[in-house]
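Residue numbers (this note's numbering): 309 to 757.
Please read the structure below before turning to the comments.
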């Protein structure tokens, strides 16, 4: 019977085990071979953290299964240390049927427990009369006095059975060999842990030795300044201005044209007409679009290298960021009015401050909601990072119940100057989508070059 142990470094080792071996002993032996600290690691089977107090027989792990050694999370380590600090409830049962309950520390050894119970029974349990030896039985497994409760994986409560038995010289020799081997393994573990974890002071000294001195840093700065000066002299002034303009396009600092418009919502919804059969026919452009998407999916599956989930999410976020140059924000106002404005997606614009600049009274208290009931809070993030790109529909809620229409809320001159038709607002949306598509195509072309 054996199991495969997978270490945090993805190394694999095969261990021969017995059904009555505890999972803590398996973990201890595995950590011993790699010089790891047993208390900082745990055994994991698939997505389940195993209880180290169980034997392999009752752990629901199949024979020739694979166990993974994982480092405990910070919260898990704290919980584990708190459990170790709690007292363990134990009971020792004797051959006459009596039981002696005790509460001891998890680090207590079985020998210490026997000495503690001797006072209650007025009996020499450590050295019985005659040639008898004091075995202690726990979970049908004989353990010796040097083994602690923590090494057995006991952290809550347990029942022991005590009895005396005569042992010959061969059995005593086996016990001595077992104790010697156990102590040798513990010493070997401590030595390996010390080798794998050097002192922090030595690490700090090594890092300090590798850092460049002040003279070396000053020489590097002088060389860097000379290289920058040579590059600036070699480039014409027109090219330098072009580069600066491109950097401003990447991260716009000047707000774009707002294309601000306010219109009245229709009282009656338009009647929806069913499209004719020609609408569902596949055209040449539809086929070309489907072929393009299939080619992109094929390239994504065949030409891309293996990436982690976080890298894929970052790539998708960057792709969406490049495809959203402009953002349209529509705000439903009291009295069935709607206001629409255009922003850069990478522009840091506080919508509360933008709306307050159009109010008759800038101190009027209001809130902006995103359907259904998500409150938009004032923030310093961009519209893209706030989830308001490429288009967002917001609802303005005034806390003053007496304000029921936009005429009472906004400036009269602004309402007259910016009032328009809904078709103009829809045209602005289509224009922004076209500009976003052109910007995405241009970014792909620049990336290929």
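No residue lacks a Cβ here, since even glycine has one placed at the ideal position from N, Cα and C.
Taken atom to atom, the span from the alpha-carbon of residue 711 to that of residue 705 is near 10 Å. The three-state secondary structure of residue 647, taken from DSSP, is strand. Note on residue 663: 16 or more other CB atoms within 10 angstroms of its CB, so buried under the neighbour-count rule. Look at residue 662 here: in three-state DSSP terms it is helix. In this structure, 684 is the residue among 342, 344, 571, 684 with its C-alpha nearest to the C-alpha of residue 694.
Secondary structure note for residue 376: its beta strand (DSSP E) is the uninterrupted segment 374-379. Nearest to residue 647 by C-alpha distance, out of 617, 700, 688, is 700. Following the DSSP letters along the chain, one finds residue 469 inside the beta strand (DSSP E) bounded by residues 465-470. Judged by beta-carbon spacing, residue 380 lies within the 8 Å limit of residue 350, meaning their Cβ atoms are closer than that value. For residue 400, the secondary structure class from DSSP, reduced to helix, strand or coil, is strand.
DSSP places residue 312 in the uninterrupted beta strand (DSSP E) bounded by 310-314. The beta carbon of residue 673 lies closer than 6 Å to those of 707 in the same chain, with the five residues before and after it left out.
By the Cβ rule, the segment 626-642 counts as touching the segment 736-744, because three or more pairs are nearer than 8 Å.
Put simply, the backbone Cα of residue 638 is about 10 Å away from that of residue 568.
Contact between residue 411 and residue 396 holds, with the beta-carbon distance rounding to 7 Å and staying under 8 Å.
Closest in C-alpha terms to residue 687, from the list 661, 590, 323, comes 661. Taking a C-beta distance under 8 Å as the contact criterion, residue 455 and residue 403 do not qualify as a contact pair. With contacts defined by Cβ atoms closer than 8 Å, residue 310 and residue 325 form a contacting pair.
About 5 Å separates the Cβ atoms of residue 364 and residue 329, confirming a contact at the 8 Å cut-off. Using a 10 angstroms sphere on the CB of residue 486, the tally of other CB atoms stays under 16, which defines it as exposed.
With contacts defined by Cβ atoms closer than 8 Å, residue 565 and residue 690 do not form a contacting pair.
Taking a contact as a CB-CB distance under 8 Å, the pair residue 630 and residue 751 counts as one, their CB atoms being some 5 Å apart.
Around the C-beta of residue 336, 16 or more other C-beta atoms lie within 10 Å, and the residue is accordingly described as buried. In this structure residue 676 touches residue 659 by the C-beta definition: roughly 6 Å separates them, less than 8 Å. Put simply, the backbone Cα of residue 618 is about 26 Å away from that of residue 600.
In the displayed model, residue 586 falls within a helix according to three-state DSSP. Taking the CA atoms as reference points, residue 313 sits about 21 Å from residue 490.
The residue among 697, 735, 652, 644 with its C-alpha nearest the C-alpha of residue 625 is 697. In this model, residue 729 and residue 594 are separated by some 32 Å (Cα to Cα). One thing to note: residue 375 has its Cβ no nearer than 8 Å to the Cβ of residue 414.
DSSP places residue 350 within a strand segment (E or B) once states are collapsed to three. Across the set 377, 429, 721, the C-alpha of 429 shows the shortest separation from the C-alpha of residue 406. About 6 Å separates the beta carbon of residue 425 from that of residue 433, a gap short enough to meet the 8 Å contact definition. In this structure, the CA atom of residue 723 is about 41 Å from the CA atom of residue 584. Annotation for residue 724: the continuous alpha helix (DSSP H) segment containing it runs 720-726.
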